[in-house]
């Protein structure tokens, strides 16, 4: 039996709290001690026999160089608001409404070559000779009266965004940190040299923990406290841009990108929206650049006998672990901060030797949502256990090698229940990890494919943490799937064209009309609709959630309405009689009406459609058989243990699958994983109450009573 | 003083109930006795000294001729459902799902020339050589597997729809009546002769009441009782079509219409949806044909010394009273059945000498909604009084000359409260009419323009009665406006191009994305947005309700969002920070939060937007000043006296108008109309309770207590 008390745990050490650091390292079974953003380790810690991770944010902490070489700083396109011309001239102040501590106009001739002044009313470009720039303002002459105009312009980003966040949230008062763009040759020269020097100067470091690479996710602050965040997207590429990048792109692709490719009518191109073809090209271009530069850095780190782990958040744009270039970088480990199960699967599935989860809450006074954690009124042990309920079921499905924490260790003083909770989780994590080492958990013979425009580039996640995307049904679906005994893949519309459905039993499409998750204009392609029609008629299963296969502006709104048996009326059915139906008010499997939400305008369009639940005249959940296949429509999906059970039992019903093949329980508040090699069941109580459950596995069945949140390991 | 007890009242007489007929004629002050669909008058009635109306449905009651000349019957295009090809041939039964008592396939070579077989998956036409028709089925060869196909075909309509409705609803068992198409020369010859003969044979008739002309509104029945009505639209033109009409159209317009111009992707073209250019051409073509034929009939009637009144419902398609051809027909009167105020204004504003309202409830056992009226459990007096609350305020604004009833008079026996109520209404109607004759009621100096795609062709109405369109905010707005002291016009987008806003103080746009009332693609025209931007900046007022100026598929959803200060997020704002706001929870005028409903995704986009009400984070009502003008956004609008008062006071606030100029009350459950020539106030209690109110008019103010539903006429 392995040592369940020690190993696979990364502890954030803190200078000045050496005793606490070593005490907790022992209690939590740490084998690694790390520093954190804003903390340093002392010799007493680094020489205590633990492996040492050191955090390096490569593009930050170079203010001296940045101030001496301002042309090496990072940039972005911004657009002014659209301003109405009340006469034939119009003056537009460019940074009006933007946070001027973050942005500085780049009015160099090279940058201004990319500026665009646009008549937004008729969509035409204002010719260069009609506008002039001076002192932060563009003056337009020859305006069409009562048209609206905007200026798209480049600016320098003069405050690194994570530093800006920490200043704002944790009341830091230190110097604002700037960030360098590795695309600038001088910066790149400097950064390589700096890393060489750093490695030389830090012999005690075993692992360089890169946080992360070069380009932060997009986070645009406004000047008005009533709307501090103007735009925030964890996976957008706006902050990678510069005249140099645009020139290199044009040289390679043979066409030039414009400001409008980024500004996109003033709305930018968020990850939640289907990308333009230009954006897809640009993303690939940046991914290759990031991988190439990252590889060079990793080689420096390796040359110094250290390992390179990368943190999968913050400045991670361009290093998608599921993009084709990631595996060539040579990272030794991937670290992901996790609130949820889907984030565990996101990390665990990446092609890299070590997967490490950074648990929440971070050892900070307040959490990401702004509520107290390690401060008065906080219950960090409660938060940690809530997140563990999500993490546990995901890592029971797919293993990770390590877990850990981040932040200021001294903040745990006065929260002894937290330190106890972390100790328990460490032990459970190591036991689950050991089971995986002995053999994989049993899976059902059901292949689930989630279809959206990003496909395998963005498996499991949408953009950001659960609570940032929880209005999207798909993140709830992903969270539910993350702990299920199913083979889950994420496919794009091109994957469907390439025959991905040949290897699929259940196809899921969950999103809102026009978004990246539903698919937007992809649904106008006849070959997609044809292939899915074939798939279902020949025996495949389809689950549509929210506004699946929705085509905006079409009268027949859902492209797959003929398979789902429902369509959405956004006005086009005003004169069409509705099919009368009787809602069954239960399903042929466990159902959870509360999980379904409600989507406006759903209507039955096939008399054979079975309606399980409805809100007045609007169906909430339906079933329909077509040919040899089956389809289900759900008006929405909100994750809960009971909702996840509904989804799992729906999938089993659609595919005629016996759940007990992978171990199952009869109480939705509990879940089981069956490890056939070690003949061990992991039975998990997800609820905060004591729960009775009957566990069934191939060859057996047993009644159990589980304590609140308990994990039972039962070898049979 | 006029005789308030007699005149302007049309009574439905009934043979066999002569005594009752004459008794009620006296009680209700009738000057006219009419027959009804399904009733006859006896000599005792027709010779009692009253003017006599006789109902003539010109295209119906000619079954003998129709059966002898089946090619003279009316037609329509239908489309099959879309059927999936599971192999390379596919057989589609054409009338599957349709009510075969209503339709019969027209497979004459002339008709089949217009049939279309379509691959609905890729939108291509199936060439004629690939399909064959036999015995009600089309066989398609060379299908693309898993594509969906449909057949659009012509069929005869073999059961006149109002007769079909009466059979279904009132359990009639008589022979199914057929209908003739006046476009067929033999039918037209026959109908003229028939009317000549009828006029000869009915010397007692003073007024021929045409019910209505030739083409019924579209009413397509299904075979399944679970969806009896497949499609129903009170203003669509599908039932006017025939090969002859299509040929005449092509000869005149130089291009051919196809089945798809009518079938429109299987959804038909409902009045609630913006019409295609082809549909607009076709409507004009039919309107001219209907007017020409109607004129010929009116001339026959006039030649026999009779008058011709036309009923503005049922077979009225093509005779829109606000189309340019109506006034040339020469009708002597227009009769409109009314539940609501907007219907009164619709009738009262038409260019014709006599406007007559047919009150509801109809003297039938059940009402249009299917609930009992003159039968057990019915309260016809209550229904009549409810409708009167709507009618009274509208006819106080614009006069009509006559009122009346329809149906079986004997059904009133046992409902004495009904006969009393009708007597009271008759007296009040005559008093209001007399005031109008003495001089117009005072109006506020405010010109309101309601903007939608139909403009002045469809003022006041949408399509059908209030209860059939009550999901649309605009019908509630129209109902509210119908009793207000304002100058109201209905304008189209072309009217805006032609400068209609020069003569407008308040512009209203109320609808849902993509519908005819919001405007759909009309909002993509820069000149429309520019003109409205000018209008507001120069001092005009804008009211947007629901999804005003919505452009489907656009990220910036409301084309007028810069004037409204709000936009709608259908997903495109997922990464955009929201403006914090504090809802004021009241307005600078009377407000009614309940009337506002809720529109999904509304968000503030201007920090100066005042939010009066919000549901959680979603604004329900906002105000914004732009330039010299003001705009208001309402998430929805549901008519009630209090809601109407909110709208009136909002208009007054937007335009700085003193309501008392036209007479006003301080209790929203009451309304006043001020007739300056006769110095008379009409004060109306709309509620079923006793109400206190203070009436203010130019030069005076008075407290009053009104009985439930009371009308007070006060000369000051």
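Protein chains in written order, with the working numbering: chain A, 732 to 1447; chain B, 732 to 1447. Ideal placement from N, C-alpha and C gives every residue a C-beta, glycine not left out.
Exercise for review: Pull out every residue of the region 1292-1306 of chain A whose Cβ sits closer than 7 angstroms to any Cβ of chain B, in chain order.
Suggested key: 1293, 1301, 1302, 1303, 1305 and 1306
Review point. What three-state label does DSSP hand residue 909 of chain B in the structure shown?
Key: DSSP places residue 909 of chain B in the coil class of the three-state scheme, outside both helix and strand.
Exercise for review: Go ahead and label residue 1171 of chain B buried or exposed: buried means 16 or more other beta carbons lie within 10 angstroms of its beta carbon, across all protein chains shown.
Suggested key: Looking at its Cβ environment, which holds fewer than 16 other Cβ atoms inside 10 Å, residue 1171 of chain B is exposed.
Exercise for review: Using the Cα positions of residue 937 of chain B and residue 1140 of chain B, report the straight-line distance between them to the nearest angstrom.
Suggested key: 21 angstroms
Exercise for review: For residue 775 of chain A, count neighbouring C-beta atoms within 10 Å of its own C-beta (all shown protein chains included) and say buried if the count is 16 or more, exposed if not.
Suggested key: Exposed, because fewer than 16 other Cβ atoms sit within 10 Å of the Cβ of residue 775 of chain A.
Point to revise | Neighbour list for residue 878 of chain A in chain B, Cβ cutoff strictly below 7 angstroms | key: 1261
Review point. Hey, which unbroken runs of the alpha helix (DSSP H) at 4 residues or more fall wholly within the region 1178-1261 of chain B?
Key: Entirely contained in the region 1178-1261 of chain B, the alpha helix (DSSP H) runs reaching 4 residues are, in chain order, 1204-1212 and 1224-1228.
Review point. Within this structure, are the beta carbons of residue 1213 of chain B and residue 1121 of chain B separated by less than 9 angstroms?
Key: yes
Practice item. Using a Cβ-Cβ cut-off of 9 angstroms, state whether residue 1310 of chain B counts as contacting chain A. Key: yes
Point to revise | Beta bridge counterpart(s) of residue 1086 of chain A as assigned by DSSP | key: According to DSSP, which records beta bridges pairwise, residue 1086 of chain A is partnered with A:1065.
**Study point:** Per-residue burial, residue 1325 of chain A [other beta carbons within 10 Å of its own, 16 or more giving buried]
**Key:** exposed
Review point. What separation, rounded to the nearest whole angstrom, lies between the Cα atoms of residue 843 of chain A and residue 1055 of chain A?
Key: 34 angstroms
**Study point:** C-alpha gap between residue 1175 of chain B and residue 1220 of chain B, whole angstroms
**Key:** 14 angstroms
Point to revise | Paired residues, beta bridge with residue 961 of chain B - DSSP | key: The partner list for residue 961 of chain B (beta bridge, DSSP) is empty, contrary to what the question assumes.
Check your understanding: By the criterion of Cβ-Cβ separation under 8 angstroms, what are the contact partners of residue 1006 of chain A in chain B?
Key -> Ordered by position in chain B, no residue passes the 8 angstroms Cβ test against residue 1006 of chain A, which lies about 14 angstroms from the chain.
Check your understanding: Given a limit of 8 angstroms on CB to CB distance, which residues of the region 1259-1284 of chain B reach chain A?
Key -> Residues passing the 8 angstroms Cβ filter: 1260, 1261, 1262, 1264, 1265, 1268, 1283 and 1284.
Point to revise | Close beta carbons around residue 1441 of chain B, own chain, < 7 angstroms, minus the five adjacent residues each side | key: 1416
Check your understanding: Which residues in chain A sit within 8 angstroms of residue 1224 of chain B, going by Cβ to Cβ distance?
Key -> Here the premise fails: no neighbours, minimum Cβ distance about 16 angstroms.
Check your understanding: Is there at least one Cβ from chain A nearer than 9 angstroms to residue 962 of chain B's Cβ?
Key -> yes
Review point. Residue 955 of chain B touches chain A at which residues, Cβ-Cβ below 7 angstroms?
Key: Within chain A, the residues near residue 955 of chain B are 1338.
Exercise for review: Starting from residue 1166 of chain A, follow the alpha helix (DSSP H) in both directions and report where the run begins and ends.
Suggested key: 1147-1169
Exercise for review: Pick out whichever of A:918, A:1046, A:1059 and A:1429 has its Cα sitting closest to the Cα of residue 799 of chain A.
Suggested key: Nearest in C-alpha terms to residue 799 of chain A, of all of A:918, A:1046, A:1059 and A:1429, is A:918.
Practice item. Show which residues of chain A have a CB atom less than 8 angstroms away from the CB atom of residue 1246 of chain B. Key: When 8 angstroms is used as the limit between beta carbons, residue 1246 of chain B is near these residues of chain A: 1302 and 1305, in chain order.
Check your understanding: Exposed or buried, which one is residue 986 of chain B when buried takes at least 16 other CB atoms within 10 Å?
Key -> exposed
Check your understanding: Taking 9 angstroms as the CB-CB limit, is residue 913 of chain A close to chain B?
Key -> no
Exercise for review: Answer yes or no: does any C-beta atom of chain B fall closer than 9 angstroms to that of residue 1200 of chain A?
Suggested key: yes
Review point. At a cut of 8 angstroms, does the region 1260-1276 of chain A reach the region 1334-1348 of chain A through at least three beta carbon pairs?
Key: no
Point to revise | Integer-rounded CB distance, given that residue 1096 of chain B should sit under 8 angstroms from residue 1115 of chain B | key: Rounded, the Cβ-Cβ distance is 16 angstroms, inconsistent with contact.
Check your understanding: When the Cα atoms are used, what is the spatial distance from residue 840 of chain A to residue 846 of chain A?
Key -> 10 angstroms
**Study point:** Where residue 796 of chain A falls: helix, strand or coil (DSSP)
**Key:** helix
Point to revise | Test: residue 1215 of chain A CB closer than 9 angstroms to a CB of chain B | key: Taking Cβ atoms only, chain B never reaches closer than 9 angstroms to residue 1215 of chain A, which makes this a no.
Review point. Can you tell which of A:958, A:746, A:858 and A:906 has the C-alpha that lies nearest to the C-alpha of residue 1311 of chain B?
Key: Closest by alpha carbon: A:958.
Exercise for review: Give the DSSP-derived three-state secondary structure of residue 826 of chain A in the structure shown.
Suggested key: coil
Check your understanding: Considering only residues of the region 950-1016 of chain A, which uninterrupted beta strand (DSSP E) runs meet the minimum length of 3 residues and lie entirely inside it, listed in chain order?
Key -> Runs of the beta strand (DSSP E) inside the region 950-1016 of chain A: 960-964.
Check your understanding: Where are the beta strand (DSSP E) runs, 3 residues long or more, that stay fully inside the region 751-796 of chain B, in chain order?
Key -> 763-765 and 782-787
Practice item. Compare the beta carbon distance of residue 1132 of chain A and residue 1087 of chain A with 9 angstroms and say whether it is the shorter of the two. Key: yes
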